[in-house]
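Undergrad: In terms of our numbering, the sequence shown is residues 1 to 384.
Quick reminder that beta carbons are idealized off the backbone N, C-alpha and C, glycines included.
One structure follows; several queries about it will come next.
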Amino acid sequence: MTAPPDALSTLVDTRRVLVTVGAGGVGKTTTAAALSVAAARRGKRVLCLTIDPAKRLAESLGISEMTTEAVTVDNGRFEAAGVEMKGSLTAMMLDTKRTFDELVVRYSSSKAKADKLLSNKLYQYVSTSLAGTQEYMAMEKLVAVKDDPRYDLVVLDTPPTANALDFLDAPERLMEALDSATMKWFVEAFQNSGKFSLNLIAKSAAAVLKGIGKITGGGFLEAMAEFISELNDLFGGFKERASRVQQTLRGGDVAFVLVTSPAPPAIKEVLYFAERLEEARMPRGALVVNRFHVSPPFADGVSEADAAAGIAARGLSLEEDAPARLVQAHGDAVRLASLDAANVRALATTAGGMPTVRIAELETDVHDIALLARLSDVLMSGGV
Ligand SMILES: Nc1ncnc2c1ncn2[C@@H]1O[C@H](COP(=O)(O)OP(=O)(O)OP(=O)(O)O)[C@@H](O)[C@H]1O
Ligand SMILES: [Mg+2]
Numbered sequence: 001m002t003a004p005p006d007a008l009s010t011l012v013d014t015r016r017v018l019v020t021v022g023a024g025g026v027g028k029t030t031t032a033a034a035l036s037v038a039a040a041r042r043g044k045r046v047l048c049l050t051i052d053p054a055k056r057l058a059e060s061l062g063i064s065e066m067t068t069e070a071v072t073v074d075n076g077r078f079e080a081a082g083v084e085m086k087g088s089l090t091a092m093m094l095d096t097k098r099t100f101d102e103l104v105v106r107y108s109s110s111k112a113k114a115d116k117l118l119s120n121k122l123y124q125y126v127s128t129s130l131a132g133t134q135e136y137m138a139m140e141k142l143v144a145v146k147d148d149p150r151y152d153l154v155v156l157d158t159p160p161t162a163n164a165l166d167f168l169d170a171p172e173r174l175m176e177a178l179d180s181a182t183m184k185w186f187v188e189a190f191q192n193s194g195k196f197s198l199n200l201i202a203k204s205a206a207a208v209l210k211g212i213g214k215i216t217g218g219g220f221l222e223a224m225a226e227f228i229s230e231l232n233d234l235f236g237g238f239k240e241r242a243s244r245v246q247q248t249l250r251g252g253d254v255a256f257v258l259v260t261s262p263a264p265p266a267i268k269e270v271l272y273f274a275e276r277l278e279e280a281r282m283p284r285g286a287l288v289v290n291r292f293h294v295s296p297p298f299a300d301g302v303s304e305a306d307a308a309a310g311i312a313a314r315g316l317s318l319e320e321d322a323p324a325r326l327v328q329a330h331g332d333a334v335r336l337a338s339l340d341a342a343n344v345r346a347l348a349t350t351a352g353g354m355p356t357v358r359i360a361e362l363e364t365d366v367h368d369i370a371l372l373a374r375l376s377d378v379l380m381s382g383g384v
């Protein structure tokens, strides 16, 4: 099933939160940015929470690597690109460590306790490197801004997880990694510190201590003990929070936009993810097949004579074998397009009724406002 042309525009008009998810590199950040531009052009005040956008894309949204503050794009930038902007677009780069720090401050019983934990070496490691931290903090930030009255729509980009499922499982994974059994083990290990050895810890609690070798120098045991007791204090808070985050994602005003490339492994992953979303009762909004190869003109084939005539008509002087190479390139493009079309047809039958929107592969990467606006048109009109 191809999408009704209004599949994504309906989502943009009716939801308060859109979350782009998918395998690494398929176009989650690009889709989130283009959806944000689309909604802002339709008059919404949009907050786009983005993760590690390519430098030029970030610049075109007015954000630099240096800032994690919310930055509202000057509408003059859109006008300069010939794009009418009825609403507003605010972009914000997600910062995992900072989000985690904010949580610690909120849940600590005193400022002194918070400061102690924040300056703990182990905390500094855990807050950036523990499995699921980045994904969980993305959701955490979402919950924090979701009801902000300054915005009508929040679009959340998700981290480049090697496996899209990491994102859905993030709260559990984080909780597991920090769970009290592990912590108990630490405490015991610490109490029996006669037998305590880095090697033993590294073997027994790999999840938490992966990379522990980096934390060197004196005061290690003290740092560990302090960390355990401070974190245990916060535990109740985090656990309750994780389930609230999960609950938020089940809301009727939320929709996930699943992004994939036309390649079978990415499709397989996105379908599995779609199933998991359904199991988790999280609303699946639409499926975007990005970087789709559109069939070139004259898909029935061109001859070398046609190619030579085309070259001559343009007054080009090319190498002798240019017509043959053009014919070959044209044939490759036709085959690629038909392969993508077949993959997407197969996907449509397995996508469980999710509207499927295709986005063609553009000639360049997506790095400026004009290209984002072009993509936003494509998304709002049902694709390709
Ligand atoms: N339709 C398209 N045509 C051409 N280039 C595209 C298209 N969509 C995305 N790109 C380019 O592909 C690259 C990867 O896109 P993007 O950063 O959005 O992927 P991602 O899923 O967010 O990746 P990660 O998992 O690393 O976060 C970018 O350079 C982007 O400009
Ligand atoms: Mg990205």
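From ALA346 to VAL12, what distance separates their C-alpha atoms?
TA: Taking the straight line from one Cα to the other gives about 27 Å.
Undergrad: From THR158, CYS48, ALA58 and ALA38, pick the residue whose C-alpha is nearest to that of ARG150; which is it?
TA: Looking at the Cα atoms, CYS48 is the closest of the given residues.
Undergrad: Among ALA286, GLY301 and GLU320, which residue has its Cα nearest to the Cα of GLY331?
TA: Looking at the Cα atoms, GLY301 is the closest of the given residues.
Undergrad: Between which two residues does the alpha helix (DSSP H) containing ARG41 stretch?
TA: From DSSP, the alpha helix (DSSP H) with ARG41 extends over 28-41.
Undergrad: Could you check whether GLU361 and VAL294 sit closer than 9 Å to each other, using their CB atoms as the reference points?
TA: In contact: VAL294 and GLU361 (Cβ atoms closer than 9 Å).
Undergrad: Confirm the yes/no value for this check: CB of LYS28, any heavy atom of ligand 2, distance under 8 Å.
TA: Yes, Cβ of LYS28 sits closer than 8 Å to a heavy atom of ligand 2.
Undergrad: Count the other C-beta atoms from every protein chain shown that fall within 10 angstroms of the C-beta of GLY25, then say buried if there are 16 or more, exposed otherwise.
TA: With fewer than 16 Cβ atoms within 10 Å of its Cβ, GLY25 is classed as exposed.
Undergrad: Taking 9 Å as the cut-off, decide whether the C-beta atoms of ASP157 and THR72 are in contact.
TA: Not a contact, by the Cβ cut-off of 9 Å.
Undergrad: I need the boundaries of the alpha helix (DSSP H) containing VAL334, first residue and last residue.
TA: Looking at the DSSP string, the run of the alpha helix (DSSP H) that includes VAL334 is 322-350.
Undergrad: Under the three-state reduction of DSSP, which class applies to ARG250: helix, strand or coil?
TA: Coil, per DSSP.
Undergrad: Can you name the start and end residues of the alpha helix (DSSP H) that PHE78 belongs to?
TA: Taken as a continuous stretch (DSSP letters only), the alpha helix (DSSP H) holding PHE78 covers 75-80.
Undergrad: Less than 7 Å between C-beta atoms, sequence neighbours within five positions excluded: which residues of the same chain meet that for PHE78?
TA: Excluding positions up to five away in sequence, the list reads MET85 and ILE369.
Undergrad: If I follow the unbroken beta strand (DSSP E) through LEU287, where does it start and stop?
TA: 284-292 is the extent of the beta strand (DSSP E) around LEU287.
Undergrad: How is THR72 classed by DSSP in three states: helix, strand or coil?
TA: THR72: strand per DSSP, three-state reduction.
Undergrad: Let's see if you can read the secondary structure: which residues bound the alpha helix (DSSP H) around GLY310?
TA: First-last of the alpha helix (DSSP H) with GLY310: 304-313.
Undergrad: Please report the distance separating the alpha-carbon of LEU391 from that of GLU279.
TA: Nothing about residue 391 can be reported from this structure: the residues present for the chain run from 1 to 384 only.
Undergrad: Am I right that ALA263 and PRO296 are in contact with their C-beta atoms under 8 Å? What's the rounded C-beta distance?
TA: The Cβ separation is near 19 Å, so there is no contact.
Undergrad: Return the chain-ordered list of same chain residues with a C-beta closer than 6 Å to the C-beta of ALA333, the five sequence neighbours on each side being excluded.
TA: For ALA333, where only same-chain residues beyond five positions count, the Cβ hits under 6 Å are PRO296.
Undergrad: Taking 9 Å as the threshold (C-beta atoms), are SER261 and GLY27 in contact?
TA: Going by C-beta atoms, GLY27 is nearer than 9 Å to SER261.
Undergrad: For ALA307 and VAL289, what's the separation of their Cα atoms in angstroms?
TA: Answer to the nearest angstrom: the Cα atoms are 32 Å apart.
Undergrad: So is SER193 buried or exposed if we call it buried at 16+ other beta carbons inside 10 Å?
TA: Model confidence at SER193 stands at a pLDDT of 44, short of 50, so the residue's coordinates are unreliable; what they give is reported in the following sentence. Exposed: under 16 other Cβ atoms inside 10 Å.
Undergrad: Between the Cα of ASP365 and the Cα atoms of LYS55, GLY43 and THR356, which residue gives the shortest distance?
TA: The shortest C-alpha separation from ASP365 is found at LYS55.
Undergrad: What distance in whole Å lies between the Cβ atoms of VAL344 and LEU35, which are believed to be in contact at a cut-off of 8 Å?
TA: Actually they are not in contact, since the Cβ atoms of LEU35 and VAL344 sit about 20 Å apart, beyond 8 Å.
Undergrad: Going along the chain, which residues of its own chain have a beta-carbon closer than 6 Å to the beta-carbon of SER109, five neighbours each way excluded?
TA: Closer than 6 Å at Cβ, skipping near neighbours: no residue.
Undergrad: With DSSP as the reference, label VAL83 as helix, strand or coil.
TA: Here VAL83 sits in coil by DSSP.
Undergrad: So ALA20 and ALA32 are in contact, right, with Cβ under 8 Å, and what is the actual spacing, rounded?
TA: For the record, residue 20 in the displayed sequence is Thr; it is not Ala. Contact flag correct, Cβ pair sits at about 4 Å.
Undergrad: Assign ARG441 to one of three DSSP states: helix, strand, or coil.
TA: Since the first residue of the chain shown is 1 and the last is 384, residue 441 is not available in this structure.
Undergrad: By DSSP, does MET139 sit in helix, in strand, or in coil?
TA: DSSP places MET139 in helix when its eight states are reduced to three.
Undergrad: Report all residues from its chain with a CB closer than 7 Å to the CB of ILE63; omit the five preceding and five following residues, and keep chain order.
TA: Same-chain partners within the cutoff: VAL71, ALA91 and MET93.
Undergrad: Go ahead and label GLU230 buried or exposed: buried means 16 or more other beta carbons lie within 10 angstroms of its beta carbon, across all protein chains shown.
TA: That one is buried.
Undergrad: Tell me which residues share the same chain as ALA274 and place their Cβ nearer than 8 Å to its Cβ, disregarding the 5 neighbours each side in the sequence.
TA: Excluding residues within five positions, the ones whose Cβ falls inside 8 Å are LEU258, ARG284, LEU287, ALA351, GLY352 and MET354.
Undergrad: With a threshold of 16 other CB atoms inside 10 Å of the CB of THR356, please say whether the residue is buried or exposed.
TA: THR356 is buried by the Cβ-count criterion.
Undergrad: GLU99 and GLU140: beta carbons closer than 9 Å?
TA: The residue you asked about is not Glu; residue 99 is Thr in the sequence shown. Yes, the Cβ-Cβ distance between THR99 and GLU140 is below 9 Å.
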